[in-house]
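Numbering (full-length UniProt numbering), first residue to last: 1 to 215. For glycine and all other residues, C-beta sits at the position ideal for the given N, C-alpha and C. Contents: one structure, followed by commentary.
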Ligand SMILES: CSCCC(=O)C(=O)COP(=O)(O)O
Ligand SMILES: [Zn+2]
């Protein structure tokens, strides 16, 4: 065992791991994390994040299923493999000091919407009261275009696409085609609010599409 203390606050890590586990279990119970999919993280400090270990059943997470990475995506003080999508988390923590929590889920609604709207490159959410759930919005009289990125197993490809989108304007999340949704916020409460707003609004768009196709 090493005598060198870890380069992060161990008490803060335990606190954040507890919060992650409670929230991830709730999301798993909603059916948003099938077949070990999805990954989740919290900023620990200005160089480290707590993130889920790759491949774990998100409905049965324990404290040992949360590990620490630096903002290069390298494991810190752990032999586990961090989420395969770690780079998509660390790029946001690096770029935005205000982001404290990132949630990535694979709900049926998110995945179906990503397929249906992939050709458009975005899903337009317009005129909904729930747009006010996104931090900084105070009216329904606006539109939010949720980007839909082509999927890739190469995280450098995906993260480069995300960087270009972030250069273009403010975002609260994005879809990846045939894959799922990324959403984030200052803390867990804000990230959950954004995630749940996306889920609700995407569901509305899918239902509207279904109903309009009948008439
Ligand atoms: C069987 S899920 C495929 C990988 C994925 O999309 C995901 O969200 C989970 O990957 P992780 O390495 O974070 O477990
Ligand atoms: Zn995924």
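- Counted as a single uninterrupted DSSP element, the stretch harbouring residue 198 is not any beta strand (DSSP E) but the alpha helix (DSSP H) occupying residues 188-214.
- The beta-bridge partner set that DSSP reports for residue 170 is empty.
- The secondary-structure analysis by DSSP pairs residue 149 across a beta bridge with 176.
- Distances from the CA of residue 135 to each of 43, 173 and 158 were compared; the closest alpha carbon is that of 173.
- Its chain contains 104, 173 and 174 as the residues whose beta carbon lies nearer than 6 angstroms to that of residue 182, once the 5 sequence neighbours on both sides are disregarded; these appear in chain order.
- One Cα belongs to residue 7, the other to residue 28, and the distance between them is close to 31 angstroms.
- If you check the CB distance, residue 31 and residue 107 come in under 8 angstroms.
- By the CB criterion at 8 angstroms, residue 13 and residue 40 fall outside the cutoff.
- Taking the C-beta atoms as reference points, residue 109 is found no nearer than 8 angstroms to residue 196.
- If you check the C-beta of residue 19 against ligand 1, you find no heavy atom less than 7 angstroms away.
- The Cβ atoms of residue 63 and residue 17 lie closer than 8 angstroms to each other.
- Taking 8 angstroms as the cut-off, the Cβ atoms of residue 178 and residue 114 count as close.
- Checking the 7 angstroms criterion, the Cβ of residue 104 is within range of a heavy atom belonging to ligand 1.
- Residue 22 counts as exposed, since fewer than 16 other beta carbons sit within 10 angstroms of its beta carbon.
- By the neighbour-count criterion, in which 16 or more other beta carbons inside 10 Å mark a residue as buried, residue 5 falls on the exposed side.
- In this structure, residue 70 sits near residue 48, with a CB-CB distance shorter than 8 angstroms.
- Distances from the CA of residue 154 to each of 176, 42 and 194 were compared; the closest alpha carbon is that of 176.
- Of the residues 124, 210 and 45, the one whose Cα lies closest to the Cα of residue 97 is 45.
- Check the Cα spacing between residue 127 and each of 205, 140, 133 and 117: the tightest is with 140.
- In this structure, DSSP gives residue 125 an extended state, which the three-state scheme calls strand.
- Measuring C-alpha to C-alpha distances from residue 24 to each of 91, 52 and 125 identifies 52 as the nearest.
- Contact annotation, residue 159 with residue 91: C-beta distance approximately 5 angstroms; criterion of less than 8 angstroms satisfied.
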